[in-house]
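S.K.: Quick one: structure below, then a few questions.
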Amino acid sequence: MIVKTVKKALWFLWIHVSISTTAFAQSTYTIIPKPAHLEPRNGFFVLPKTLLLAVTSTEPALRQLAEDFAQNIGQVTGHDTRVFAGNFRVKEGINLVPSKDPKLGSKGFFLDISPQRIVITAEQPQGFTAGIRALKQLMPKAIHGTQRVQGEVWKIPCCYIEDQP
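Given below as C-alpha cells:
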C-alpha cells in the first residue's frame with residue numbers, strides 16, 4: 000500500500016515538473032514561428048562591452064548581414080561591435096559559420112547559444128537571416144528599436160535550435 004502511494008506521488012511529481020519545465024521553456028524561448036527543434040540549456044550569454052562578430056567566409060552578402068546586425072546591436076546597446084571576416088572564429092562573441100549540412104537547405108539554420116559564444120550555422124544568406132531573427136527574439140525587446148537603451152541587461156538564454164522556416 001505504501002509503495003503504491005509513493006509510486007503515485009512520484010508519478011504526479013514527474014508530471015508537474017514536466018509541465019513546469021515546458022511552461023518555463025515556452026516563456027523563456029518565445030520564438031515565432033516556433034522552431035522545429037529547441038533544446039533549452041542552463042545559463043545566459045551576456046553581451047560584452049566589445050562584441051566581436053566573426054564571419055567564417057568572405058562572401059560579401061554574409062559580411063553585409065553581419066555588419067547590419069552589429070550596427071543594430073551597437074546602436075541600441077551603446078556597445079562597441081566589430082565584424083571580422085575570414086577563416087577563423089571568436090571564442091567569446093558571435094560566429095556566423097557557413098555549412099553544407101543536408102539538414103539546413105536554403106533557409107535552415109542551427110543556433111547554438113552558450114555562456115561564452117553564439118554560433119549561427121547556415122548554408123545560404125536566407126538561413127543566416129532566419130537565425131539572426133530567432134536570436135533577436137531571444138534578446139531583450141529593446142533590440143528591435145533604434146534608440147540607445149540605458150540600464151538594460153543584455154543577456155540571452157542559452158539553448159540550441161535547429162529550424163527550416
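Counting from 0, one number per residue, gives the positions in the sequence shown under numbering that gives the first Met the number 0.
From the three backbone atoms N, C-alpha and C, an ideal C-beta is built for every residue, glycine too.
Keep in mind it's a predicted model, so treat the numbers as computed, not measured.
Using a 10 Å radius around the Cβ and a threshold of 16 neighbouring Cβ atoms, would you call Asp67 buried or exposed?
M.R.: exposed
S.K.: With DSSP collapsed to three states, give me the class of Glu66.
M.R.: helix
S.K.: Any idea which residues DSSP pairs His36 with across the strands?
M.R.: DSSP, once it has assigned bridges, lists Glu161 as partnering His36.
S.K.: Output the distance between the C-alpha atoms of Lys99 and Glu151, rounded to the nearest integer angstrom.
M.R.: 37 Å
S.K.: Anyone know if the C-beta pair for Ala129 and Pro164 falls short of 8 Å?
M.R.: Yes, these two residues count as a Cβ contact at 8 Å.
S.K.: Assuming contact is defined by CB atoms lying nearer than 8 Å, are Leu51 and Phe83 in contact in what I supplied?
M.R.: yes
S.K.: Going by DSSP, what residue range makes up the beta strand (DSSP E) through Thr49?
M.R.: Thr49 to Val54
S.K.: Whole-angstrom Cβ separation of Lys106 and Gln125, contact assumed at under 8 Å?
M.R.: About 5 Å; that satisfies the 8 Å criterion.
S.K.: Do Phe127 and Leu64 have their C-beta atoms closer together than 8 Å?
M.R.: yes
S.K.: Please name the residue, chosen from Pro47, Pro59 and Thr80, that lies closest to Lys154 on a Cα-to-Cα basis.
M.R.: Pro47
S.K.: Are the beta-carbon atoms of Arg62 and Glu91 separated by less than 8 Å?
M.R.: no
S.K.: Applying the 10 Å Cβ sphere with the 16-neighbour rule, what's the burial state of Thr57?
M.R.: exposed
S.K.: For Thr120, report the span of its beta strand (DSSP E) as first-last.
M.R.: Taken as a continuous stretch (DSSP letters only), the beta strand (DSSP E) holding Thr120 covers Arg116 to Ala121.
S.K.: What are the boundary residues of the alpha helix (DSSP H) that includes Ile131?
M.R.: Pro124 to Leu137
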